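Asker: I have a structure I would like to understand better, so I am pasting it below and will then ask my questions one at a time.
In this note's numbering, the protein residues as written are 309 to 510.
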């Protein structure tokens with residue numbers, strides 16, 4: 309299957325596409341860079357190291373709500389510490405769930421991996437609404453792929469709408485401020501820095 313089939317269609321709200329690429333001297337060196345980028349993609353707890361000094365902080369938890377540094381798996385949760393006040397429902401953090409991972413190796417010609425996350429409730433304090441500034445139906449998809457001597461990283465934000473569903477007026481206001489700031493371009497800068505970091509050569 310085409311790796312981009314895991315990206316949801318554009319149906320509403322804000323939609324974003326970001327791309328980065330690196331050309332290597334040989335297929336062998338491209339495979340090495342791809343494997344490194346794949347490892348970085350599957351290690352959300354390390355994302356802040358690749359996204360720069362102003363990055364949010366990320367921590368990952370497995371299905372048993374135990375913090376882990378293992379490679380990401382579907383059904384696990386990522387806790388996001390965005391600078392500034394966090395949502396009360398998330399115990400001060402935004403939360404997403406790993407919705408899908410598509411991983412394929414196609415020989416010398418091509419390799420690809422994609423990881424998609426969606427807004428989530430706080431697994432430690434479940435409520436009715438997602439503990440994230442974006443509402444249900446929004447998604448973020450990260451893709452790393454290699455074609456011959458080139459390695460690519462991409463980000464797709466899909467169907468993003470601000471989450472005004474929490475019961476707390478303070479949390480609604482907070483989500484509005486964070487969402488508008490993200491929509492104004494800050495999120496694009498952050499995700500662009502991250503996918504560039506995925507492809508940084510050691």
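By construction, the Cβ of each residue, glycine as well, lies at the ideal position given by its N, Cα and C atoms. Because the structure is a prediction, the values reported are computed rather than measured.
Please classify residue 374: is it buried, with 16 or more other beta-carbons within 10 angstroms of its beta-carbon, or exposed?
Answerer: Taking the first residue of the chain shown as 1, we reach residue 374 at position 66. The residue in question, residue 374, is exposed, as its Cβ has fewer than 16 Cβ neighbours within 10 Å.
Asker: Rounded to the nearest angstrom, how far is the Cβ of residue 326 from that of residue 462, given a contact under 8 Å?
Answerer: As a working note, residue 326 is residue 18 in the chain shown. As a working note, residue 462 is residue 154 in the chain shown. Yes, residue 326 and residue 462 are in contact; Cβ-Cβ is about 6 Å, under 8 Å.
Asker: Answer with buried or exposed for residue 465, where buried requires no fewer than 16 other C-beta atoms within 10 angstroms of its C-beta.
Answerer: Counted from its first residue, the chain shown places residue 465 at position 157. Per the 10 Å Cβ criterion, buried.
Asker: Compute the distance between the beta-carbons of residue 354 and residue 389, then report whether it is under 8 Å.
Answerer: In the chain shown, the residue the question calls residue 354 occupies position 46. In the chain shown, the residue the question calls residue 389 occupies position 81. It is not a contact, given that the beta carbons lie outside the stated cut-off.
Asker: Look up residue 463 in the DSSP assignment and give the residues it is bridged to.
Answerer: Locating residue 463 in the chain shown gives position 155, where the first residue counts as 1. According to the DSSP secondary-structure assignment, residue 463 is paired through a beta bridge with 326, 450.
Asker: Identify, in the order they occur along the chain, each residue of the same chain with its Cβ nearer than 6 Å to the Cβ of residue 346, setting aside the five sequence neighbours on each side.
Answerer: Position 38 of the chain shown holds residue 346. 421, 452, listed in sequence order.
Asker: Just to confirm before moving on: does the CB-CB distance between residue 328 and residue 504 stay below 8 Å?
Answerer: Residue numbering aside, residue 328 sits at position 20 when the chain shown is read from its first letter. Residue numbering aside, residue 504 sits at position 196 when the chain shown is read from its first letter. Cβ distance < 8 Å, so residue 328 and residue 504 count as in contact.
Asker: Do residue 398 and residue 377 have their C-beta atoms within less than 8 Å of each other?
Answerer: Taking the chain shown and counting its residues from 1, one reaches residue 398 at position 90. Taking the chain shown and counting its residues from 1, one reaches residue 377 at position 69. Cβ distance not < 8 Å, so residue 398 and residue 377 don't count as in contact.
Asker: Please classify residue 341: is it buried, with 16 or more other beta-carbons within 10 angstroms of its beta-carbon, or exposed?
Answerer: By one-based count along the chain shown, residue 341 stands at place 33. Buried is the call here.
Asker: Under 6 Å Cβ to Cβ from residue 419, same chain only, skipping five residues before and after it: list those, please.
Answerer: Stepping through the chain shown from its first residue, residue 419 is reached at position 111. So the qualifying residues of the chain are 342, 413, 454.
Asker: Hey, could you find the ends of the beta strand (DSSP E) residue 422 is sitting in?
Answerer: Here residue 422 corresponds to residue number 114 of the chain shown, with the count starting at 1. First-last of the beta strand (DSSP E) with residue 422: 418-427.
Asker: Residue 412 lies in the beta strand (DSSP E); which residues open and close that run?
Answerer: Within the chain shown, the letter at position 104 stands for residue 412. From DSSP, the beta strand (DSSP E) with residue 412 extends over 402-414.
Asker: Helix, strand or coil, according to DSSP, for residue 340 in the structure here?
Answerer: In the chain shown, counting from the first residue as 1, residue 340 sits at position 32. Helix.
Asker: Under 8 Å by Cβ, that's how I've got residue 383 and residue 406 pegged, so tell me the actual separation to the nearest angstrom.
Answerer: As a first step, residue 383 must be located in the chain shown, where it is residue number 75. As a first step, residue 406 must be located in the chain shown, where it is residue number 98. Going by Cβ atoms, the distance from residue 383 to residue 406 rounds to 6 Å, so yes, they are a contact pair.
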